[in-house]
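Trainee: Numbering (our numbering), first residue to last: 308 to 640. Below are the structure tokens for one structure; questions will follow.
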């Protein structure tokens, strides 16, 4: 097994202070590796990076059509949102449409990352609800699918029909049998796969518009929703949102906890998956931006690209004292 390779460097002054190593894979629409760093067969938990795969059964089952879900709902089903009002208001309305409430979620409460939402809770002397959980859109999708299936309320259990549908979608898209699963931060199962398999799945999404089967049509809808509503997929100042905006629909990207990132590039018919070995988000943000630049879908001079590829290291007083940037072996950029 290949070892992780240097992907991101952290400089302070003239000294290289830290290095983040990792693995990354680019696959084409035939499932072949175009380029890789480290070990393409490394098995990881993709975490939230594969929410678009978990969203496939929501559409292929007919649940999305039955309940009149639009692109904003599908974007939220793929989201790790910041808990801003634009996210939580929509999720609450979605629950109302289902005749359900916050107590029907199984994701757990979370303090919103969005500052305005967080401060509003403090001023109102209120505690966070499950709707504030960054995965509440995905869980609203799970509840929709469960209701459509006539399945029970414990939709995060591994043997629940919702999770079995998600596992089947994951294994079909990756072309692999998942060797194991772990419980994600939102209490749902997260199926493990190789980086190659996950990149292959993203390439399958990238070429979906050339096919007419039900799953491929669902993949097209999910990609379109993500790129039409990047603000719903993450939130302001977040890498997913800012980089998708910068690319103007040329790619859909999604982060996952512990240093995971994926990308779908339809014009290039490519899929990307990366994992930073130490789980650092600052490194996965930088690495995905560098790969997107190398693949020609992100302008290296765009402010969003510079924000993540040349991120300043600042002192407590705000003085720039260093920089976070791609390692020389990651990309020509």
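Positions of the beta carbon are idealized from the N, C-alpha and C atoms, including for glycine. Please read all numbers here as calculations on a predicted model, not as lab measurements.
Name the two residues that bound the continuous alpha helix (DSSP H) containing residue 363.
Mentor: Within the chain shown, numbered from 1, the residue matching residue 363 stands at position 56. Note, residue 363: alpha helix (DSSP H), 363 to 367.
Trainee: Between the Cα of residue 386 and the Cα atoms of 530, 572, 634 and 581, which residue gives the shortest distance?
Mentor: Stepping through the chain shown from its first residue, residue 386 is reached at position 79. Checked all of 530, 572, 634 and 581; the closest Cα to residue 386 is 530.
Trainee: The alpha helix (DSSP H) with residue 630 in it runs from where to where?
Mentor: If you number the chain shown from 1, residue 630 lands on position 323. Note, residue 630: premise wrong, no alpha helix (DSSP H); beta strand (DSSP E) at 627 to 633.
Trainee: Around the Cβ of residue 427, are there at least 16 other Cβ atoms within 10 angstroms (buried) or fewer (exposed)?
Mentor: One-based indexing of the chain shown puts residue 427 at position 120. Exposed.
Trainee: Whole angstroms is fine: what's the gap from residue 477's alpha carbon to residue 579's?
Mentor: For this step, residue 477 is matched to residue 170 along the chain shown. For this step, residue 579 is matched to residue 272 along the chain shown. One C-alpha to the other measures close to 16 Å.
Trainee: If distances are taken between C-alpha atoms only, which option among 433, 560 and 550 comes closest to residue 606?
Mentor: Within the chain shown, residue 606 is the residue found at index 299, counting from 1. Of the listed residues, the one whose Cα sits closest to residue 606 is 550.
Trainee: Just how far apart, CA to CA, sit residue 357 and residue 396?
Mentor: In the chain shown, residue 357 corresponds to position 50, counting from 1. In the chain shown, residue 396 corresponds to position 89, counting from 1. In a straight line, the C-alpha of residue 357 is about 24 Å away from that of residue 396.
Trainee: Residues bridged to residue 619 by DSSP?
Mentor: Your numbering for residue 619 matches position 312 in the chain shown. Answer is 630.
Trainee: Quick check on this structure: which residue in 588, 510, 443 and 350 has the alpha carbon closest to the alpha carbon of residue 484?
Mentor: Taking the first residue of the chain shown as 1, we reach residue 484 at position 177. Among 588, 510, 443 and 350, the Cα nearest to that of residue 484 is on 350.
Trainee: Could you check the C-alpha separation between residue 380 and residue 366 for me, to the nearest Å?
Mentor: In the chain shown, counting from the first residue as 1, residue 380 sits at position 73. In the chain shown, counting from the first residue as 1, residue 366 sits at position 59. So the alpha carbons of these two residues sit roughly 11 Å apart.
Trainee: Buried or exposed, going by whether 16 or more other CB atoms sit within 10 Å of the CB of residue 582?
Mentor: Within the chain shown, the letter at position 275 stands for residue 582. So residue 582 counts as buried.
Trainee: Measuring CA to CA, which of 584, 411, 474 and 574 is closest to residue 514?
Mentor: Locating residue 514 in the chain shown gives position 207, where the first residue counts as 1. Closest option to residue 514, Cα to Cα, is 574.
Trainee: Determine the direct distance from the alpha carbon of residue 444 to that of residue 437, and round the result to whole angstroms.
Mentor: Walking along the chain shown from the start, residue 437 turns up at place 130. Walking along the chain shown from the start, residue 444 turns up at place 137. In a straight line, the C-alpha of residue 437 is about 10 Å away from that of residue 444.
Trainee: Report yes if the CB atom of residue 587 is closer than 8 Å to the CB atom of residue 327, and no otherwise.
Mentor: For this step, residue 587 is matched to residue 280 along the chain shown. For this step, residue 327 is matched to residue 20 along the chain shown. Cβ atoms of residue 587 and residue 327: closer than 8 Å.
Trainee: Among residues of its own chain, excluding the 5 on either side of residue 340, which ones have a beta-carbon nearer than 8 Å to its beta-carbon?
Mentor: Taking the first residue of the chain shown as 1, we reach residue 340 at position 33. If we look at residue 340 and ignore the five residues flanking it on each side, its Cβ neighbours are 332, 333, 334, 347, 503 and 506.
Trainee: May I ask you to report which of helix, strand or coil DSSP gives residue 640?
Mentor: As a first step, residue 640 must be located in the chain shown, where it is residue number 333. Note on residue 640: pLDDT 36, under 50, position unreliable in the model; no value is reported.
Trainee: Please report the distance separating the alpha-carbon of residue 488 from that of residue 563.
Mentor: Residue numbering aside, residue 488 sits at position 181 when the chain shown is read from its first letter. Residue numbering aside, residue 563 sits at position 256 when the chain shown is read from its first letter. Rounded to the nearest angstrom, the two C-alpha atoms are 15 Å apart.
Trainee: Could you tell me which residues DSSP pairs with residue 342 in its beta bridges?
Mentor: The sequence position of residue 342 within the chain shown is 35, counting from 1. According to DSSP, residue 342 bridges with 333.
Trainee: Across which residues does DSSP place residue 497 in a beta bridge pair?
Mentor: Numbered from its first residue, the chain shown carries residue 497 at position 190. Looking at the DSSP assignment, residue 497 forms a beta bridge with 489.
Trainee: So, residue 362 versus residue 310, is the Cβ gap smaller than 8 Å?
Mentor: Here residue 362 refers to the residue found at position 55 when the chain shown is read from its first residue. Here residue 310 refers to the residue found at position 3 when the chain shown is read from its first residue. No.
Trainee: Under the three-state reduction of DSSP, which class applies to residue 395: helix, strand or coil?
Mentor: Numbered from its first residue, the chain shown carries residue 395 at position 88. Three-state DSSP puts residue 395 in a helix.
Trainee: Please name the residue, chosen from 633, 508 and 394, that lies closest to residue 571 on a Cα-to-Cα basis.
Mentor: Taking the first residue of the chain shown as position 1, residue 571 is located at position 264. It is 508 whose Cα lies nearest to the Cα of residue 571.
Trainee: Residue range of the alpha helix (DSSP H) that residue 429 falls in?
Mentor: Stepping through the chain shown from its first residue, residue 429 is reached at position 122. Residue 429 -> alpha helix (DSSP H) spans 422 to 430.
Trainee: Measuring straight from C-alpha to C-alpha, what distance separates residue 627 and residue 620?
Mentor: As a working note, residue 627 is residue 320 in the chain shown. As a working note, residue 620 is residue 313 in the chain shown. Computed Cα separation, rounded: 6 Å.
Trainee: Name the one or two DSSP bridge partners that residue 647 has.
Mentor: Outside the displayed span of the chain (308 to 640) sits residue 647, for which this structure offers no information.
Trainee: What did DSSP end up calling residue 327 once you bin it into helix, strand or coil?
Mentor: Here residue 327 corresponds to residue number 20 of the chain shown, with the count starting at 1. Strand.
Trainee: Spatial neighbours of residue 421 within its chain, please: C-beta separation below 7 Å, excluding the five flanking residues on both sides.
Mentor: Here residue 421 refers to the residue found at position 114 when the chain shown is read from its first residue. Closer than 7 Å at Cβ, skipping near neighbours: 389, 390, 391 and 542.
Trainee: Determine the burial state of residue 486: buried for a count of at least 16 other Cβ atoms within 10 Å of its Cβ, exposed for fewer.
Mentor: The residue given as residue 486 occupies position 179 in the chain shown. Exposed is the call here.
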